[in-house]
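Peer 1:
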Amino acid sequence: MCVGKCSRIVGPCLLVLGTLSTAASILLLFPGGAATYLLEGHISGHARAVPGLWGGGIAVLLAATHVTALGWQRSGRHSVSRERAGLGRGGMRPCPAFLSVVLSKLALLGAAACFVLCGVGLTNGPLCLYNSSEPGLGHAARWGYPFLDAFDQGPDARAENYLYNRRAWSICLEPEGIVTWHVVLFSLLLLISAAEMVLALLQILNGCLGCLCGFCDAK
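Written out as structure tokens, the structure reads:
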């Protein structure tokens, strides 16, 4: 596939993924669409870190915007006229392609950071109000990470991961449906960031070819 055509495919794909990542990360701050828990500070640390906003979002969108503009800039009559003027394949300046490589590396790092943080957030589970049993206090409702706390109570308490034991999800009293909200959005962010890493790596290779060989749209 020509370098220019590849850029016109990768760029819009990264734009869509970056937008979805930003939206999913913001939604994590508003369980069930309510802002009350964010204002009260009852949002998990990994959700407050909004990795999908700065990692899978802004970093990726910067690269996506440049790659998309670069790809379409080389297409159509404009590309043909440049080819006739001697500025096509043989005379292409490598600077735009080189910048796309730099921005794609930034996107790759951002998506990788998002992937790691979302993986940890998914493993730890959500912050919620749940009934806990503490020595001398009996059963008391408190805010915390019930599924993460289970790891501190020995192997019997963590025999089953909460992701595979949906019956355990009812331990969270507030926010309503927080476990489903947490699992779905963090899983979505994992898939998005993985796809972003693949596309960013592809664009890095594509940009390097553009620096060395130029675009081939006018062929």
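Okay, so the sequence shown: first residue is 913 according to our numbering, each after it adds one.
For each residue, glycine too, the CB sits at the ideal point set by N, CA and C.
Since this is a predicted model, take the numbers as computed values, not measurements.
1) I want to know whether the region 939-958 touches the region 1007-1027 - three or more CB-CB distances under 8 Å.
2) What's the call for THR948, buried or exposed, on a 16-neighbour Cβ count within 10 Å?
3) Identify which residue in GLY1037, CYS1120, LEU1114, ALA961 has its Cα closest to the Cα of SER1099.
4) Roughly how many angstroms lie between the CA atoms of ARG1078 and LEU926, to the nearest whole one?
5) I'd like the span of the beta strand (DSSP E) that includes LEU1085, first residue to last.
6) Taking all protein chains shown into account, do 16 or more other C-beta atoms lie within 10 angstroms of the C-beta of LEU1117, making it buried, or fewer, making it exposed?
7) Around the C-beta of ARG1132, are 16 or more other C-beta atoms found within 10 angstroms, so that it is buried, or is it exposed?
8) Identify, in the order they occur along the chain, each residue of the same chain with its Cβ nearer than 6 Å to the Cβ of CYS1026, setting aside the five sequence neighbours on each side.
9) I need the straight-line Cα distance from LEU982 to SER919, nearest angstrom please.
10) Given VAL1091, which residues of its chain have a CB within under 8 Å of its CB, disregarding the five upstream and five downstream residues?
11) Three-state secondary structure (DSSP) at ASN1043?
12) Tell me which same chain residues have a C-beta within less than 7 Å of the C-beta of LEU1097, skipping the five on either side of it?
13) Using beta-carbon positions only, say whether VAL972 and VAL922 come within less than 8 Å of one another.
14) If ALA975 and ALA1112 are in contact, beta carbons under 8 Å, what's the gap, nearest whole angstrom?
15) If we ignore side chains and look at the alpha-carbon of each, how far apart do LEU1060 and GLY953 end up?
Peer 2: Result, derived from the coordinates:
1) no
2) exposed
3) When only C-alpha atoms are compared, the closest one is GLY1037.
4) 33 Å
5) 1084-1086
6) By the 10 Å Cβ count, LEU1117 comes out exposed.
7) Residue 1132 lies beyond the residue range present for the chain, which begins at 913 and ends at 1131; the question has no answer from this structure.
8) PRO963, GLY964, GLY967, GLY968, SER1105
9) The C-alpha of LEU982 lies about 7 Å from the C-alpha of SER919.
10) Cβ neighbours of VAL1091 beyond the five flanking positions: GLY1037, PRO1038, CYS1040, TYR1074, TRP1081, CYS1084.
11) Strand, per DSSP.
12) ALA936, LEU939, LEU940
13) no
14) 7 Å
15) 18 Å
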